[in-house]
Every structure is written in structure tokens, then in C-alpha cells.
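So the structure is just underneath, and the comments pick up after that.
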Amino acid sequence: MLASMISTIIPSSFYTTLFSRNVFSDSLIGSAIGSISAGNPVTSYILGGELLKRGVSLIAVTAFIVAWVTIGVIQFPTEAAILGRRFALLRNVSSFVFAILVGAGTVAILGL
Amino acid sequence: MGKRKSFGWWFLLAVILGNGIVFLFSHSAFTTSINLFVKILLRVIPVLAIVFVLMTLTNYFITPKFIKKHLKGSKLKGWLIFIAGGILSTGPIYMWYPLLAELNKKGLSFGLISCFLYNRAIKIPWLPLAVAYFGGAYVAVLTAVMIVASIAQGLLINKLMTK
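As they're listed, the protein sequences go chains A and B. Each number in the working numbering comes from the position in the first sequence (counting from 1) with 83 added on. Each number in the working numbering comes from the position in the second sequence (counting from 1) with 14 added on.
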């Protein structure tokens with residue numbers, strides 16, 4: 084119910100206006116936006132593709148896509164209620180950091 | 015457990031209140047939101063049935079002794095099972111929480127749970143689409159790096175949860 088509400092009230096254009104073209108801050112923003120977003124991974128691919136076209140770095144876009152699918156801010160209350168608040172908090176916070184590391188690692192391996 | 019249950023009810027109440035606010039500001043946004051909710055719910059119901067069957071089977075066959083023998087700690091077999099399980103599992107992530115909580119009660123480490131949840135981000139049916147957007151090399155490298163990250167996160171969570 085919450086996911087459908089968020090998906091409805093946040094327009095797609097919102098995501099493309101936030102990035103500053105700085106690799107470090109964009110990676111943080113990418114991971115942060117991905118964290119609070121919900122929905123099908125396809126949406127993150129489409130938005131990620133758009134962000135790349137607009138000059139956002141591949142590290143930031145990767146952090147965004149990875150955070151989208153690994154962090155569940157919207158699911159957090161459910162995760163905390165069932166698996167424990169400490170675990171849910173540690174998992175989501177570390178997933179935020181790992182999204183940036185995965186972005187940096189992927190781009191470094193590809194040599195881009 | 016009582017605390018967890020009441021937290022869930024408060025959360026549900028907050029979401030209903032949120033939808034009420036959306037309704038006050040925009041009837042069309044509310045209708046779109048509810049339609050999407052129904053669509054998600056219809057997609058979720060069949061998966062729920064599968065998860066309930068799996069939970070019943072798990073409850074019956076997977077005893078604490080089994081968990082202790084096969085999955086506890088950082089044995090390679092356990093990690094491989096949970097990496098593959100995360101990648102192959104279907105349905106929304108929150109459908110798996112009760113099953114994982116049940117396994118945790120039987121001795122499954124939080125590290126393996128986090129490894130499973132991280133690998134759920136890798137979805138084989140979506141890979142062709144990701145390749146179409148970003149290229150095969152990128153998707154292959156990203157997938158491999160994510161699997162490595164899932165193990166690193168699992169080890170980290172195991173360390174932090176035992177403190």
C-alpha cells in the first residue's frame with residue numbers, strides 16, 4: 084500500500100533533477116535516491132539509462148540501481164518487525180555503503 | 015514479539031492515514047495509488063501461497079539440528095545455498111521475512127540472511143533487459159561484484175550482530 088502510494092506521488096522527472104555531475108556526491112545521491120525508491124527493477128534501469136544520457140557518472144548510476152534493489156526503506160518497518168530492528172538497520176545502512184562500493188568496483192573492473 | 019506486532023499495526027495505521035491525506039489532496043492520485051495497490055496485491059497472492067507451502071515444508075523438514083549441521087557459521091556450502099536461493103527466489107522481498115525469521119530461530123546466522131536478501135537483487139528474468147540498457151560486460155561484472163558484496167556484507171553483519 085505504501086509502495087503504490089510513493090510510486091504515485093513521486094514523478095519520474097524528480098530523479099533526473101537532483102544530480103550535480105560530481106562523481107562522489109552523485110554516488111551518495113544515487114545511493115540515497117535508490118534507497119528510498121520502490122518498484123520494479125525495470126524502472127531503475129530506465130531511470131539509470133536516462134541519468135547516463137544526461138551525463139551522470141556510471142558509478143553514481145550503478146549505486147542508484149544497486150541501492151534501488153538492495154535497500155528497502157519502505158519495507159524497513161516490516162523487516163524490522165519480523166527480523167529485528169537492529170538487523171534491519173545494520174543491513175540497510177551497510178547496503179547503502181555497499182551500493183557505492185559496488186558502483187566503484189564495477190566501474191574500476193570495467194576500466195571506464 | 016508483542017512489541018513487533020504493535021509496531022506493525024502502527025505502521026499500517028500510518029500508511030492508511032497517508033493514503034487518506036493523498037485522497038484529500040488529489041482524488042485521481044488516490045485512485046491511481048489504490049489501483050496500483052490492487053495490482054501488486056493480485057501479483058503477490060500466488061507468491062504468498064508458494065511461500066506458505068515453503069514455510070510449512072521448512073517447518074516440517076528443517077530442524078534446528080539440520081540447520082546446525084548444514085548452514086550455521088561460515089561454511090562454504092551454506093553461503094552457496096543462500097547466494098543461489100537469493101538469486102532464484104521470487105516475489106516481493108517482504109514475503110520472505112517470516113521464513114527467514116523462522117530459520118533464524120532454528121540457528122541460521124544473520125549473515126546468511128543478509129546474504130540471501132542481498133542476492134535477491136540479482137534477478138535472472140530481468141538480466142536481458144539490463145543487458146539491453148547497459149551492455150553484457152557491465153551486467154556480468156555488476157552481478158559478480160554484487161555476489162562478492164553479498165558475502166562481504168554477510169560476514170560484516172555476522173560480526174556486528176554478535177557484538
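Note that beta-carbon positions come from the ideal geometry of N, C-alpha and C, so glycine has one too.
Practice task
With DSSP collapsed to three states, give me the class of Asn133/B.
Solution key: helix
Check: Gln158/A to Pro106/B, Cα distance in whole Å?
Finding: 10 Å
If you run the structure through DSSP and keep just helix, strand and coil, what is Gln197/A? Because chain A is modelled from 84 through 195, residue 197/A falls outside the range shown and cannot be assessed.
Practice item. Taking only beta carbons into account, state which residues of the region 140-167 of chain B come closer than 7 Å to chain A, listed in chain order. Key: Those residues of the region 140-167 of chain B placed with their C-beta closer than 7 Å to a C-beta in chain A are Trp140, Leu143, Ala144, Tyr147, Ala151, Tyr152, Val155, Leu156, Val159, Met160, Ala163 and Gln167, ordered along the chain.
How far does the alpha helix (DSSP H) with Lys173/B in it extend, from its first residue to its last? Gly150 to Thr176
- Task: Measure the beta-carbon distance from Ala146/A to Ala182/A and round it to whole angstroms, keeping in mind my assumption that it falls under 8 Å.
- Result: 5 Å
Worksheet item: Of all Cβ atoms in chain B, is any one closer than 7 Å to the Cβ of Ala191/A?
Response: no
Check the C-beta distance from Val144/A over to Ala135/B and give it rounded, since I have them as a contact under 8 Å. Contact doesn't hold; Cβ gap of about 15 Å is too wide.
Got a sec: is the Cβ-Cβ distance from Phe181/A to anything in chain B below 7 Å?
yes
Of the residues Thr104/B, Leu141/B, Leu113/B and Ile59/B, the one placed nearest Thr70/B, counting alpha carbons only: Residue Leu113/B is the option with its Cα nearest to Thr70/B.
Which residues in the same chain have their Cβ closer than 6 Å to the Cβ of Met15/B, if we skip the five residues on either side of it in sequence? Because the pLDDT of Met15/B is 46, which lies under 50, any placement of that residue in the model is unreliable, and the question is left without a value.
- Task: Below 9 Å between beta carbons is the criterion; list the residues of the region 97-131 of chain B that meet it against any residue of chain A, in chain order.
- Result: Pro106, Ile107, Tyr108, Tyr111, Pro112, Leu114, Ala115, Asn118, Phe124, Ile127, Ser128 and Leu131
Take every Cβ of the region 132-144 of chain A, pair it with every Cβ of the region 104-119 of chain A, and state whether three or more of those distances are shorter than 8 Å. yes
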